[in-house]
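J.:
Rendered as structure tokens:
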């Protein structure tokens, strides 16, 4: 039996998109920071802040 490769669930790195990636990441960063500021649940705030920090790191590496 030969190996078969399935594209279901395949992920393309966002860094391959060029300048569009920067705009998308900036939007996602702003979105997560806004969500973190509006929510009263500490666990969700921590989750959204962590996501925003990860996106900020990627943005810093791109720029």
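In my numbering, the protein residues as written are 2 to 64. Each residue gets a CB set at the ideal place from its N, CA and C atoms; glycine is no exception. Predicted, not measured: the structure shown is a model, and the values here were computed from it.
Kindly indicate the opening and closing residues of the alpha helix (DSSP H) around residue 56.
T.: Segment 43-63, the alpha helix (DSSP H) holding residue 56.
J.: Determine, using beta carbons only, whether residue 57 and residue 30 come nearer to each other than 8 Å.
T.: Yes, the Cβ-Cβ distance between residue 57 and residue 30 is below 8 Å.
J.: If I'm right that residue 23 touches residue 64 with Cβ under 8 Å, what's the distance once you round it to whole angstroms?
T.: Right, the Cβ-Cβ distance comes to about 7 Å (below 8 Å), so this counts as a contact.
J.: Going by DSSP, what residue range makes up the alpha helix (DSSP H) through residue 9?
T.: That residue, residue 9, is in no alpha helix (DSSP H); it is neither H nor E in DSSP.
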